[in-house]
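Trainee:
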Amino acid sequence: MKKGIKTIMALSLAFVMAACGGAKDGGKEAAEGGKEANKDTSAKLTVQAEEGWVDYYKAAAERVKKQFPNADIEIKTVGSFDHLDIIDATAATNEDVADLFAIPADRLYGLHGNDILAAIDSQKLAKEIGGWDDFDKGIGGNFKIDDEYFAFPFNIETLITYVNKKNAEEKKVDLSKPIEINDVADESTVLLPIFDAWYGVAATNSSGIELLGKDKDGKLFSDFTKEWDELEPEKQATVKALFEYWKKHNEAGTQLFDADAGWGYIDDTFKPGKGGVARLGGPWDAAPISEQAGEGNLEIFPIGQLTLAGKPLTHWQGGWGLAMNARIEEDADKVALAEAMIKEIVNPEFAADLYKATGKVLENVSAEKYQGMDLPETDKKIIAATITSYKEAPARPLFKEWGDVWDTYKNAILSWNSVKPADEKAAYAELKASFEAMMANFNH
């Protein structure tokens, strides 16, 4: 992820907000002021939406305009990450930055630190929208800094297992039980780009390996700086399994552990007759993966359908939020419009339409309710698998230092290609060296 760039404009904005009580305080008052919304307001609200989301967002805006008939809601068509790039390069005051926009959870602290986000009265919105038993235990809690919320839950995000049934039949893989990665006969059966930490954490989380964590005193630590003999047996087993998986592909001469060509190898091998049985992906990957599997060949499972060293893979409880621009937090009319727009975007009544338009699964709608909606059976399976996988996953780490793990982990795993470790202990030595270097940087 890109880091925020504090420009002169951003510093000026921070100064102005500090004079007015600060971005971190004023929003709560403005949000609370929205309780007595001015229904006759002619305020204008700009809302960021990806191209595929526009029709859904326009429909949501029309529902909002029934409450605020004189308001102007403009949908700005721009990709979420492109929009974040604009924010990083400028400031909240830039007119190209929307008043309401989507953010991934891991960007929260950086955006908050750069005074981009307004506080949101999320508890009020959650009660009005409904569907949460304990709001703070889910994504909502991830968007809370100190005593305030700086984004409202948009969708949950985690990985699930996609299976090519035709290839499974050809390889006589029994799908009625979990597939143990260590037990597959050849390297192509399970296709995992474990050199990329986004997928690699599914393995490390399975045995509780902390790539980077914080202890009770807030001090950073990593399990991968321990001596091999100090690693718990289940964590040693995970490292050994990762090494054995790499070894199979290395001996077979596949491209899976090539950071560039590996993705194409996975896509091609998952096609009918090519041998790929199982791979990981998110709900957003369903269309291309289904096409690769071939018509009628795709089956969906929770991520735990794959096990490593006897433990089910488990990803993260990740997600996206809807955030308000700090520049509107003193404008009660715009805050009220933004709140109304949030409520309609994540309105459980339109959860099926949201999924069709965006592939996004709402946290506050149960799998059972999704099953009764007007959705194709494959989509219902994807949603059910996503919700199951999400519930069993640990929370995604959001502190900014975790960003250093991506390259640290990737470079260590890919170093095996040149070092050619003889066994799991030698493979672990490469991981340990990389993570020790990372931790040394934090201590300077």
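If you use mature numbering (1 follows the signal peptide of the UniProt record, and there is no 0), the sequence shown corresponds to residues -18 to -1, 1 to 426, in order.
Glycine included, each C-beta is placed from N, C-alpha and C at the ideal position.
None of the values given here were measured: they were computed from a predicted structure.
From this set, Ala74, Ala19, Trp384, Val79, which residue's C-alpha is nearest Ala31's C-alpha?
Mentor: When each option's Cα is compared against that of Ala31, the closest is Val79.
Trainee: Evaluate contact between the stretch 311 to 323 and the stretch 22 to 41, counting only Cβ atoms and requiring at least three cross-stretch pairs below 8 Å.
Mentor: Yes: the two stretches touch, three or more of their Cβ pairs being nearer than 8 Å.
Trainee: Quick one: measure Cβ to Cβ for Val145 and Ala260, integer angstroms, because I've assumed they're closer than 8 Å.
Mentor: Rounded, the Cβ-Cβ distance is 5 Å, consistent with contact.
Trainee: Mind pulling the beta strand (DSSP E) runs of 3 or more residues that sit fully within the stretch 200 to 278?
Mentor: Within the stretch 200 to 278, the complete beta strand (DSSP E) runs of at least 3 residues are 260 to 263.
Trainee: With burial defined as no fewer than 16 other Cβ atoms inside 10 Å of the residue's Cβ, what is the status of Asn52: buried or exposed?
Mentor: That one is exposed.
Trainee: Under 9 Å between the Cβ atoms of Ile161 and Gln287?
Mentor: Going by C-beta atoms, Ile161 is nearer than 9 Å to Gln287.
Trainee: Rounded to whole angstroms, what is the Cα-Cα separation between Ala334 and Asp168?
Mentor: If you take the alpha carbons of Ala334 and Asp168, they lie about 39 Å apart.
Trainee: Check the DSSP bridge columns for Ile127 and list the partner residues they point to.
Mentor: DSSP, once it has assigned bridges, lists Glu130 as partnering Ile127.
Trainee: Only counting the same chain, and skipping five residues up and downstream in sequence, which positions put a Cβ closer than 6 Å to that of Gly9?
Mentor: Model confidence at Gly9 stands at a pLDDT of 42, short of 50, so the residue's coordinates are unreliable; what they give is reported in the following sentence. Closer than 6 Å at the Cβ level, and outside the excluded window around Gly9, lie Ala100, Ala101, Glu311.
Trainee: So for Lys40, helix, strand or coil by DSSP?
Mentor: Lys40: helix per DSSP, three-state reduction.
Trainee: Applying the criterion that 16 or more other CB atoms from any shown protein chain within 10 Å of the CB defines a buried residue, is Asp81 buried or exposed?
Mentor: Buried is the call here.
Trainee: Going by CA-CA distance only, name the one from Glu412, Lys392, Lys407, Tyr391 that's closest to Val401.
Mentor: When each option's Cα is compared against that of Val401, the closest is Glu412.
Trainee: Taking Phe136 and Leu304 to be in contact with their CB atoms under 8 Å, please state how far apart those CB atoms are, rounded to whole angstroms.
Mentor: That pair is a contact at about 5 Å.
Trainee: Given a threshold of 16 other Cβ atoms within 10 Å of its Cβ, counted over all protein chains shown, does Asp205 qualify as buried or as exposed?
Mentor: With 16 or more other Cβ atoms within 10 Å, it is buried.
Trainee: Counting along the chain, where does the alpha helix (DSSP H) carrying Thr186 start and finish?
Mentor: Where Thr186 is concerned, the enclosing alpha helix (DSSP H) stretches over 179 to 186.
Trainee: Taking the Cβ atom as the reference point for each residue, do Ala375 and Thr140 lie within a distance shorter than 9 Å?
Mentor: Yes, the pair counts as a contact, with Cβ atoms nearer than the cut-off.
Trainee: Should Pro284 and Thr360 be called a contact, given that it needs their Cβ atoms to be closer than 9 Å?
Mentor: Against a cut-off of 9 Å, the Cβ pair of Thr360 and Pro284 comes out as no contact.
Trainee: Looking at the structure shown, is Met306 part of a helix, part of a strand, or coil, going by DSSP?
Mentor: Correct three-state label for Met306: strand.
Trainee: Can you check which of these residues, His65, Ala41, Ile282, is closest to Glu331 by C-alpha distance?
Mentor: Among His65, Ala41, Ile282, the Cα nearest to that of Glu331 belongs to Ala41.
Trainee: To the nearest angstrom, how far is the alpha carbon of Glu77 from that of Val46?
Mentor: Cα-Cα distance, rounded: 22 Å.
Trainee: Quick one: grab the DSSP three-state call for Thr390.
Mentor: Correct three-state label for Thr390: helix.
Trainee: Measure the CB-CB distance between Ile142 and Ala367 and report whether it falls below 9 Å.
Mentor: Result yes, Cβ atoms of Ile142 and Ala367 sit closer than 9 Å.
Trainee: According to the neighbour-count rule (16 or more other Cβ atoms, all chains shown, within 10 Å of its Cβ), is Pro358 buried or exposed?
Mentor: Exposed is the call here.
Trainee: DSSP state of Met420, grouped into three classes?
Mentor: It is helical.
Trainee: At a cut of 8 Å, does the stretch 220 to 232 reach the stretch 175 to 191 through at least three beta carbon pairs?
Mentor: Because the criterion of three Cβ pairs below 8 Å is met, the stretch 220 to 232 and the stretch 175 to 191 touch.
Trainee: Kindly indicate which three-state DSSP category Thr59 falls into: helix, strand or coil?
Mentor: Strand.
Trainee: CA-CA distance, Gly123 and Tyr391?
Mentor: Going by the C-alpha atoms only, they are around 27 Å apart.
Trainee: Please report the distance separating the alpha-carbon of Gln105 from that of Asp240.
Mentor: Taking the straight line joining both Cα atoms gives about 46 Å.
Trainee: My assumption, with CB atoms under 8 Å, is that Val387 sits in contact with Ala71. Please give the rounded CB distance.
Mentor: Between Ala71 and Val387 the Cβ distance is about 25 Å, and since that is not below 8 Å, they are no contact.
Trainee: Per the DSSP calculation, Thr28 is bridged to which residue(s)?
Mentor: Its beta-bridge partners are Glu56.
Trainee: Can you give me the start and stop residues for the alpha helix (DSSP H) that Thr370 sits inside?
Mentor: Residues 359 to 373.
Trainee: My guess is that Asn149 and Gly258 are in contact by the Cβ rule of under 8 Å, so how many angstroms apart are they, rounded?
Mentor: Between Gly258 and Asn149 the Cβ distance is about 6 Å, and since that is below 8 Å, they are a contact.
Trainee: What span of residues does the beta strand (DSSP E) with Asn146 cover, start to end?
Mentor: Segment 142 to 146, the beta strand (DSSP E) holding Asn146.
Trainee: Which partner residues of residue 435 appear in the DSSP bridge assignment?
Mentor: It is not possible to answer for residue 435, since the shown part of the chain is limited to -18 through 426.
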